[in-house]
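All remarks here apply to the structure that follows.
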Amino acid sequence: MTHSLPLSPMRAHQSRGLQGRFHLPGDKSVSHRSLMFGAMALGETRITGLLESGDIMSTADAMRAYGATITRNDDGSWSVTGCGVGGFSEPDNVIDFGNAGTGVRLVMGLAAGYDFASTFVGDASLSKRPMGRVLNPLRDMGVQVLGRSGDRLPLTLQGPQTLAPITYRVPVASAQVKSAVLLAGLHAPGITSVIEPVMTRDHTEKMLQGFGADLSVETDQDGVRTISLQGHPTLKACSIAVPGDPSSAAFALVAALIVPGSEIVIENLLLNPTRTGLIDTLIEMGGDIRIENERLEGGETVGDIRVKSSDLKGVTVPADRAPSMIDEYPVLAIAAAFAEGETRMDGLEELRVKESDRLSAVAAGLAVNGVDHEEGPASLVVRGTGHPPAGGGTVETHLDHRIAMSFLTMGLASKEPVTVDDAAIIATSFPSFKPTMERLGAEFSEGATQ
Ligand code: S3P
Numbered sequence: 000m001t002h003s004l005p006l007s008p009m010r011a012h013q014s015r016g017l018q019g020r021f022h023l024p025g026d027k028s029v030s031h032r033s034l035m036f037g038a039m040a041l042g043e044t045r046i047t048g049l050l051e052s053g054d055i056m057s058t059a060d061a062m063r064a065y066g067a068t069i070t071r072n073d074d075g076s077w078s079v080t081g082c083g084v085g086g087f088s089e090p091d092n093v094i095d096f097g098n099a100g101t102g103v104r105l106v107m108g109l110a111a112g113y114d115f116a117s118t119f120v121g122d123a124s125l126s127k128r129p130m131g132r133v134l135n136p137l138r139d140m141g142v143q144v145l146g147r148s149g150d151r152l153p154l155t156l157q158g159p160q161t162l163a164p165i166t167y168r169v170p171v172a173s174a175q176v177k178s179a180v181l182l183a184g185l186h187a188p189g190i191t192s193v194i195e196p197v198m199t200r201d202h203t204e205k206m207l208q209g210f211g212a213d214l215s216v217e218t219d220q221d222g223v224r225t226i227s228l229q230g231h232p233t234l235k236a237c238s239i240a241v242p243g244d245p246s247s248a249a250f251a252l253v254a255a256l257i258v259p260g261s262e263i264v265i266e267n268l269l270l271n272p273t274r275t276g277l278i279d280t281l282i283e284m285g286g287d288i289r290i291e292n293e294r295l296e297g298g299e300t301v302g303d304i305r306v307k308s309s310d311l312k313g314v315t316v317p318a319d320r321a322p323s324m325i326d327e328y329p330v331l332a333i334a335a336a337f338a339e340g341e342t343r344m345d346g347l348e349e350l351r352v353k354e355s356d357r358l359s360a361v362a363a364g365l366a367v368n369g370v371d372h373e374e375g376p377a378s379l380v381v382r383g384t385g386h387p388p389a390g391g392g393t394v395e396t397h398l399d400h401r402i403a404m405s406f407l408t409m410g411l412a413s414k415e416p417v418t419v420d421d422a423a424i425i426a427t428s429f430p431s432f433k434p435t436m437e438r439l440g441a442e443f444s445e446g447a448t449q
């Protein structure tokens, strides 16, 4: 498991202007769901552009453990031959999700539909993360949960003979919770409904419809969404082209803004509006960001993004934007450190329960690199001077890929290099981060010194 590997430090150095036109690996959220939904469909689902990262390979292994056949084809596409809804068989062993919160939480929803035991484990980071948010609605549906107090991994779930459909109002803005309930609902007779007061990424809804589920969404005048799903559908295999991951693009995007003399184009990015909060915010900060070639592919908005280095200014980021950029706050804090004036981010309570406590990990990283900031219980204020921050610090990544990539991004333009104590964890979401950034002109060195 990831936590037993030795740390692998990496350092980022001030770089000359980044240049290039490139594609990024597939979106992580869509990749997880492609494998899971393919595993529940009848027939062969063909996936192009699947993200081949640690988190996604954990989901592939989990789906194999339940009986799906998943193979990588010679042309780089993936084939999933599914078992049908209700067709999974009992895994022979525990299921290890490594670092992957989305993987384990969504698969808990699937496991709920089966009257056999599924045992889930994860790495040191995942074993600290709260699972009650998913387990509580699943318990309401009749699932038995065995495990340590506080609903942390390792955990064993066993579904009832017949799962009860529920109507569930999601108490936190979480696409993972919404998705887990809907995936359980596929296995319950009748209609399962999820009420979502604040909209989160809607890949589960859209993709389940694409696989043929009977799912409808109603939005009231206050923006509250009710998603209703008919249980026991027959899902049909389909073809999926996974667009580039906007959450991985975020690092190249911010790097191009802060490294003087940069101009890059990132092609074929997923631009679903539930994922583009960072782009909106960086544009408000004065970032020269243009979306080109915007189009609809497989029901999703995709496009190319052109970014040029820019003088940024501080802004206040509205709290209600958080769900559309929840994974991007660490790298926004880096952009804010180079901006002139104060950037205020509110509504960040969910950052405390990500792969690390991201709010305190970001604050600690800013502190060791000489950036004026203030950490609140659910807020962060970063005060930039409009000049590159000092840098020179070593940042603790706490098994968090996005903390590692964010501070490596900082080091590309800070006065002194920035070191992260572990870059190996980056492979959970973006294994090609280093070569991709190096091709653009980014300078990194490996090891604790130079
Ligand atoms: C994800 C949802 C988000 C996000 C995570 C991926 C998903 O988590 O942070 O990286 O694919 O559903 P929450 O829904 O818990 O906020």
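For the sequence shown, numbering that gives the first Met the number 0 assigns the number 0 to the initial residue and increments by one for each residue that follows. C-beta atoms are modelled at their ideal positions from N, C-alpha and C, and glycine is treated no differently.
query	result
Taking contact to mean at least 3 C-beta pairs separated by less than 8 Å, is the segment 241–249 in contact with the segment 186–202?	no
Rounded to the nearest angstrom, what separates S215 and F96 at their Cα positions?	31 Å
Alpha carbon to alpha carbon, how far is G53 from G141? Give it in angstroms, no decimals.	32 Å
Can you confirm whether F337, when its beta carbon is compared against all beta carbons of chain C, has any partner nearer than 8 Å?	The chain labelled as chain C is not found in the depicted structure, where only one protein chain is given.
Just list the residues that DSSP pairs S117 with in beta bridges.	L156
Using the Cα positions of G86 and V171, report the straight-line distance between them to the nearest angstrom.	31 Å
How big is the Cα-Cα spacing for N98 and N267?	27 Å
Ligand 1 heavy atoms versus the CB of R200: any closer than 7 Å?	yes
Select from H231, I257 and V301 the residue whose C-alpha is nearest the C-alpha of L311.	I257
Relative to the alpha-carbon of E299, which residue among Q229, G375, K205 and V223 has its alpha-carbon at the smallest distance?	K205
Measuring straight from C-alpha to C-alpha, what distance separates A64 and Q160?	21 Å
Spatial neighbours of D150 within its chain, please: C-beta separation below 6 Å, excluding the five flanking residues on both sides.	M130, G131 and L134
Look at the Cβ atom of L23, then the Cβ atom of I263, and state whether they are nearer than 8 Å.	no
With distance defined between alpha-carbon atoms, name the residue in V223, S88, L50 and D74 nearest to T68.	S88
Start and end of the alpha helix (DSSP H) containing D303?	Where D303 is concerned, there is no enclosing alpha helix (DSSP H), although the beta strand (DSSP E) it sits in stretches over E299 to K307.
So, with DSSP's three-state summary, where would you put H186?	coil
Determine, using beta carbons only, whether A255 and M436 come nearer to each other than 8 Å.	no
What number of angstroms, rounded off, separates the C-alpha of T393 from the C-alpha of I288?	30 Å
Can K353 be considered in contact with ligand 1, in the sense that its beta carbon sits closer than 7 Å to one or more heavy atoms?	yes
Between H31 and ligand 1, is the CB less than 7 Å from at least one heavy atom?	yes
Kindly indicate the opening and closing residues of the alpha helix (DSSP H) around Q208.	H202 to G209
Less than 7 Å separating the Cβ of S247 from some heavy atom of ligand 3?	Looking for ligand 3 in the displayed structure turns up nothing; the ligands present are ligand 1.
Apart from the five residues just before and just after L6, which ones in its own chain have a Cβ nearer than 7 Å to its Cβ?	D420 and D421
May I have the straight-line CA-CA distance separating V306 from V106, to the nearest angstrom?	37 Å
Tell me the residue span of the beta strand (DSSP E) that contains E442.	E442 to E445
Compute the distance between the beta-carbons of H31 and I55, then report whether it is under 8 Å.	yes
I want to check one thing, is the minimum distance from the CB of I325 to the heavy atoms of ligand 1 below 7 Å?	yes
Going by alpha carbons, who is nearest to V316 out of A335, L411, Q229 and N292?	A335
If you compare alpha carbons, which of E445, A441 and G446 is closest to S14?	A441
Threshold first: 4 residues or longer. Then list the alpha helix (DSSP H) segments lying entirely within the segment 126–176, N to C.	131–139
Rounded to the nearest angstrom, how far is the Cβ of G276 from that of R224, given a contact under 8 Å?	Not confirmed; about 17 Å, so no contact.
Using a Cβ-Cβ cut-off of 6 Å (strictly less than) and excluding sequence neighbours within five positions of M39, which residues of its own chain qualify?	G81, V84 and L234
When you compare only the Cα positions, how much space is there between I425 and E415?	22 Å
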